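Chemist:
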Ligand SMILES: Cc1cc2nc3c(=O)[nH]c(=O)nc-3n(C[C@H](O)[C@H](O)[C@H](O)COP(=O)(O)O)c2cc1C
Ligand code: FES
């Protein structure tokens, strides 16, 4: 979707800001917000740029730095922690070759932490884009990453 | 009606363990036997025992299969669909085939979850076939808004989002809160780690929530509603979108519902990853497109909410209860539960317990029944230690309180809270200090920083706990923790800071000796805190493979290949845990340290 098409989906009102930013972020291959996106959003909803920046920095789902095509979010809430999220993390670090908050050099993956995904029944769990992968073992971590590397 | 109905759980957990592939395999096998005209497949929401997924239920007899893999499909079709013989090895614990005969299900009382795992959430017809939107119809055509409020008040329903405020009273306050426009908001932010009942309801029975919201809107005189869902729940968002479109098409949402002059519509708002947005004033700020920071109350949202208008905010589970009050009558609803806590509550059972998953029980059930009868108790060889209820704002209750009834007031009285319904069973292998520290780290992280007691208080408490788990605590630390905790409870701006000390305060109350052991003896009784354990080699398990000696950076792990069991010299050990991680035979054990350094 183009940025114009995104803007056209939302009424020019402050309450559209978060949804608008979500979608604008999705238009950039690096799943992040460019300075010009913030300006576009500010103008569209009629807020000062500082207010938009304020909102962007508050919510953890917005990024001002480029990220990978796929975002891997490992849950580190108590259940997943107890169930072994840390060994899944080790495996993710190995499989991706990057640490939390970093993006692989080929631009395919960004590794992030998330709070509870509500998938505690299959802890430890992670989310790759919109898909929940649960009962993580080193093998399952490797398989999931391989699947996304090959384009599913 | 076809001869056989197969309900395939398509909750998030089952999807992640492969329910989609199982369904496809079953379809193929069914087709291969030309049985397609006789078998109907329905994708449902969560059935409860998520850990055993993918799960499915086969009717008419109601056979419950667990951990089904795609390879099992041909056998299920040939044996069960064709010959009528259930596949024994796929039954739960190889035991009773029917859910009613499995204790996990038998002791539950499903009201809110009645449709979850039974209907296809993406087909409004199935919801309607089971009485869906009938309560809304009754309200709109036969009751005045005041009558609806009165019924909800009489039912005794209290908010399921944490604080337990009486729902009917809240509706009344909103109706009297000022001139229209008024708004109705469903709080589906579900941020408490370990809680996933709201997600299950939205995924499994989204119309129940929409119907509850519409009834509430009629009662308080609102024309517009919002559901605020976290972005981490894409499946719930999709099912809500489908439900909304279907409801509008059928005219149960939109202008002039049921040919009355009542109009109501709902929009979805998606959160962006901030725990504090579940707090109602922060949630309002977030819907308005601002930083999701709480503000002092009063004024309450009932008089000044969205855009300064009277706004009703209720939780997902609260809304899902509403239709049952109108259908069965408030008295029937109030006949379940205790004097001050009516109806049922959904819990997410987790931790060191045999059966985990989502369960719905009548209020007032004891913790013992919940943990041992429904949950099946702690696994063999372990010892029950405590339950943690209410997540990061809740507390731990020890074994001596297992007979406490689960209701709002009893739990609060003992230092825990009902909260959103996360319930973690802990056994003897859990260090209570470490666990309290963990929850506090969560709240310190999620504190929005607006008020000083919360921002500074959580950091101070965390600093003290960090020292204690490292073995650097002092006896003054414990009263100090209590002092800071009390100050936060009294002065923090919102519920996040007011409840953040609970995990620490309740463990101090019931497990003080564990804190004292960490401080006085520098020993972690559960053998968890890395600095406060000693590493020993179990001679019977050691195969003298040399792995620990090679991993050890200080020469504390000693021995030689094939020369009998290795040993670890405590005086040289820096407790890095390298030997523990390196041992391929699990021969290195962590034990509590016995004496002070
Ligand atoms: C830090 C914090 C987080 C909260 N998170 C949620 C939540 O995720 N879901 C929810 O329904 N209520 C949450 N609440 C409670 C809401 O502020 C509010 O009381 C509730 O939505 C009211 O609905 P109820 O009366 O139906 O329970 C939270 C409160 C605090 C202080
Ligand atoms: S998601 Fe299938 S049982 Fe919970």
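Chains as they are written, first to last, in our numbering: chain A, 1 to 152; chain B, 1001 to 1597.
Where a beta carbon is used, it is the ideal one built from N, C-alpha and C, also for glycine.
Every value quoted in this text rests on a predicted model; they were computed, and no experiment measured them.
Within 10 Å of its beta-carbon, does residue 1392 of chain B have 16 or more other beta-carbons around it, so buried, or fewer, so exposed?
Modeler: Within the second chain, residue 1392 of chain B is the residue found at index 392, counting from 1. Per the 10 Å Cβ criterion, buried.
Chemist: Once DSSP output is grouped into helix, strand and coil, what is the label at residue 1314 of chain B?
Modeler: As a first step, residue 1314 of chain B must be located in the second chain, where it is residue number 314. Looking at residue 1314 of chain B - three-state DSSP - the assignment turns out to be strand.
Chemist: Which residues in the same chain as residue 1209 of chain B place their Cβ atom closer than 7 Å to its Cβ, once the five residues preceding and following it in sequence are excluded?
Modeler: Locating residue 1209 of chain B in the second chain gives position 209, counting from the first residue. Once the five neighbours on either side are set aside, the close Cβ partners of residue 1209 of chain B are 1186, 1201, 1202, 1316, 1319, 1320.
Chemist: Could you tell me whether the Cβ of residue 1050 of chain B comes closer than 7 Å to any Cβ of chain A?
Modeler: Sequence index remark: in the second chain, residue 1050 of chain B carries index 50 (1-based). Yes, its Cβ sits closer than 7 Å to a Cβ of chain A.
Chemist: Decide yes or no for the touch test of the segment 61-72 of chain A against the segment 101-120 of chain A: beta carbon pairs closer than 8 Å, at least 3 of them.
Modeler: Yes: at least three Cβ pairs fall under 8 Å.
Chemist: Closer than 6 Å: is that where the CB of residue 1448 of chain B sits relative to any heavy atom of ligand 1?
Modeler: By one-based count along the second chain, residue 1448 of chain B stands at place 448. It does not: the Cβ of residue 1448 of chain B is nowhere closer than 6 Å to a heavy atom of ligand 1.
Chemist: So, does the segment 1356-1370 of chain B touch the segment 1121-1135 of chain B, judging by three or more C-beta pairs under 8 Å?
Modeler: No, the segment 1356-1370 of chain B is not in contact with the segment 1121-1135 of chain B.
Chemist: I'd like the list of long-range same chain contacts for residue 148 of chain A, defined as Cβ closer than 7 Å, with 5 residues on each side in sequence excluded.
Modeler: By 1-based counting over the first chain, the position of residue 148 of chain A is 148. Cβ within range, chain order: 70, 128.
Chemist: Starting from the Cα of residue 1263 of chain B, find the closest Cα among B:1469, B:1214, B:1311 and give me that residue.
Modeler: Taking the first residue of the second chain as position 1, residue 1263 of chain B is located at position 263. Answer by Cα proximity: B:1214.
Chemist: Compute the minimum distance between the beta carbon of residue 1605 of chain B and the heavy atoms of ligand 2, and state whether it is under 6 Å.
Modeler: This structure leaves residue 1605 of chain B out entirely; chain B is present only between 1001 and 1597.
Chemist: Taking all protein chains shown into account, decide if residue 1142 of chain B is buried (16 or more other Cβ within 10 angstroms of its Cβ) or exposed.
Modeler: Residue 1142 of chain B sits at position 142 when you count from the first residue of the second chain. Residue 1142 of chain B should be labelled exposed.
Chemist: Assuming residue 55 of chain A and residue 1289 of chain B are in contact, meaning their beta carbons sit under 8 Å apart, how far apart are those beta carbons, in whole angstroms?
Modeler: Walking along the first chain from the start, residue 55 of chain A turns up at place 55. Walking along the second chain from the start, residue 1289 of chain B turns up at place 289. With a Cβ gap of about 7 Å, residue 55 of chain A and residue 1289 of chain B count as contacting.
Chemist: Tell me which residue opens and which closes the alpha helix (DSSP H) that residue 1201 of chain B is part of.
Modeler: The residue labelled residue 1201 of chain B in the question sits at position 201 within the second chain. 1197-1204 is the extent of the alpha helix (DSSP H) around residue 1201 of chain B.
Chemist: Residue 1073 of chain B and residue 1114 of chain B - do their beta-carbons sit closer together than 7 Å?
Modeler: Along the second chain, one-based indexing puts residue 1114 of chain B at 114. Along the second chain, one-based indexing puts residue 1073 of chain B at 73. The answer is no: Cβ separation not under 7 Å.
Chemist: With a threshold of 6 Å (Cβ to nearest heavy atom), would residue 1237 of chain B be considered close to ligand 1?
Modeler: The residue given as residue 1237 of chain B occupies position 237 in the second chain. For ligand 1, not one heavy atom lies less than 6 Å from the Cβ of residue 1237 of chain B.
Chemist: Please tell me whether residue 72 of chain A has its Cβ less than 7 Å away from any Cβ of chain B.
Modeler: Residue mapping note: residue 72 of chain A aligns to position 72 of the first chain, counting from 1. No, residue 72 of chain A does not count as interfacial toward chain B.
Chemist: The segment 1278-1303 of chain B: which residues have C-beta closer than 8 Å to a C-beta of chain A, in chain order?
Modeler: Flagged, chain order: 1286, 1287, 1288, 1289, 1290, 1291, 1292, 1293.
Chemist: Once you ignore the five residues that flank residue 119 of chain A on each side, which residues in its own chain have a CB closer than 6 Å to its CB?
Modeler: Counted from its first residue, the first chain places residue 119 of chain A at position 119. Cβ neighbours of residue 119 of chain A beyond the five flanking positions: 125, 132, 134.
Chemist: From what residue to what residue does the alpha helix (DSSP H) around residue 1147 of chain B run?
Modeler: Counting from one through the second chain, the residue named residue 1147 of chain B turns up at place 147. Where residue 1147 of chain B is concerned, the enclosing alpha helix (DSSP H) stretches over 1145-1155.
Chemist: Per DSSP, what kind of secondary structure is residue 1007 of chain B in: helix, strand or coil?
Modeler: Residue 1007 of chain B sits at position 7 when you count from the first residue of the second chain. Looking at residue 1007 of chain B - three-state DSSP - the assignment turns out to be strand.
Chemist: In terms of residue numbering, what span does the alpha helix (DSSP H) encompassing residue 44 of chain A cover?
Modeler: One-based indexing of the first chain puts residue 44 of chain A at position 44. 35-45 is the span of the alpha helix (DSSP H), which, as asked, contains residue 44 of chain A.
Chemist: Taking Cβ positions, are residue 42 of chain A and residue 20 of chain A nearer each other than 7 Å?
Modeler: As a working note, residue 42 of chain A is residue 42 in the first chain. As a working note, residue 20 of chain A is residue 20 in the first chain. Contact flag unset, no.
Chemist: Have a look at residue 1377 of chain B and residue 1357 of chain B and give me their C-alpha separation to the nearest angstrom.
Modeler: Working through the second chain from its first residue, we reach residue 1377 of chain B at position 377. Working through the second chain from its first residue, we reach residue 1357 of chain B at position 357. About 13 Å.
Chemist: Can you name the residues that DSSP bridges to residue 1398 of chain B?
Modeler: For the purposes of this step, residue 1398 of chain B is taken as residue 398 along the second chain, with counting starting at 1. For residue 1398 of chain B, which the question treats as bridged, DSSP gives the partners B:1386.
Chemist: Use the C-beta contact count for residue 1571 of chain B: other C-beta atoms within 10 angstroms, 16 or more gives buried, fewer gives exposed.
Modeler: The residue given as residue 1571 of chain B occupies position 571 in the second chain. By the neighbour-count rule (16 or more Cβ atoms within 10 Å), residue 1571 of chain B is not buried but exposed.
Chemist: Take residue 1026 of chain B and list the residues in its own chain whose beta-carbon comes closer than 6 Å to its own, dropping the five residues that flank it on each side.
Modeler: Counting from one through the second chain, the residue named residue 1026 of chain B turns up at place 26. Correct list, in chain order: 1073.
Chemist: Is residue 1172 of chain B close to ligand 1? I mean its beta-carbon at under 6 Å from any heavy atom of the ligand.
Modeler: Taking the second chain and counting its residues from 1, one reaches residue 1172 of chain B at position 172. Not under cutoff, so the answer is no.
Chemist: Who does residue 1065 of chain B pair with in a DSSP beta bridge?
Modeler: Along the second chain, one-based indexing puts residue 1065 of chain B at 65. According to DSSP, which records beta bridges pairwise, residue 1065 of chain B is partnered with B:1056, B:1091.
Chemist: Less than 7 Å between C-beta atoms, sequence neighbours within five positions excluded: which residues of the same chain meet that for residue 1597 of chain B?
Modeler: By one-based count along the second chain, residue 1597 of chain B stands at place 597. For residue 1597 of chain B, the predicted model reports a pLDDT of 42, less than 50, meaning its position is unreliable; a value from the coordinates is still stated below. 1522, listed in sequence order.
Chemist: Which stretch, first to last residue, makes up the alpha helix (DSSP H) that contains residue 1183 of chain B?
Modeler: The residue given as residue 1183 of chain B occupies position 183 in the second chain. Note, residue 1183 of chain B: premise wrong, no alpha helix (DSSP H); beta strand (DSSP E) at 1183-1188.
Chemist: Is the closest heavy atom of ligand 2 to the C-beta of residue 1013 of chain B under 6 Å?
Modeler: Counting from 1 along the second chain, the entry for residue 1013 of chain B is found at position 13. Yes, the Cβ of residue 1013 of chain B comes within 6 Å of a heavy atom of ligand 2.
Chemist: For the segment 1353-1388 of chain B, list the alpha helix (DSSP H) runs that are entirely contained and at least 4 residues long, ordered along the chain.
Modeler: Listed in chain order, there is nothing to give.
Chemist: Can you tell me whether DSSP reads residue 71 of chain A as helix, strand or coil?
Modeler: Stepping through the first chain from its first residue, residue 71 of chain A is reached at position 71. Note: residue 71 of chain A maps to strand in three-state DSSP.
Chemist: At a Cβ threshold of 7 Å, is residue 1007 of chain B touching chain A?
Modeler: Here residue 1007 of chain B refers to the residue found at position 7 when the second chain is read from its first residue. Not closer than 7 Å to any Cβ of chain A, the Cβ of residue 1007 of chain B fails to qualify, so no.
Chemist: Does ligand 2 have even one heavy atom less than 6 Å from the beta-carbon of residue 1055 of chain B?
Modeler: For the purposes of this step, residue 1055 of chain B is identified with residue 55 of the second chain, where counting begins at 1. Yes, since a heavy atom of ligand 2 falls inside the 6 Å radius drawn around the Cβ of residue 1055 of chain B.
Chemist: What would DSSP say about residue 1290 of chain B, mapped onto helix, strand or coil?
Modeler: Position 290 of the second chain holds residue 1290 of chain B. Residue 1290 of chain B falls in the coil class under three-state DSSP.
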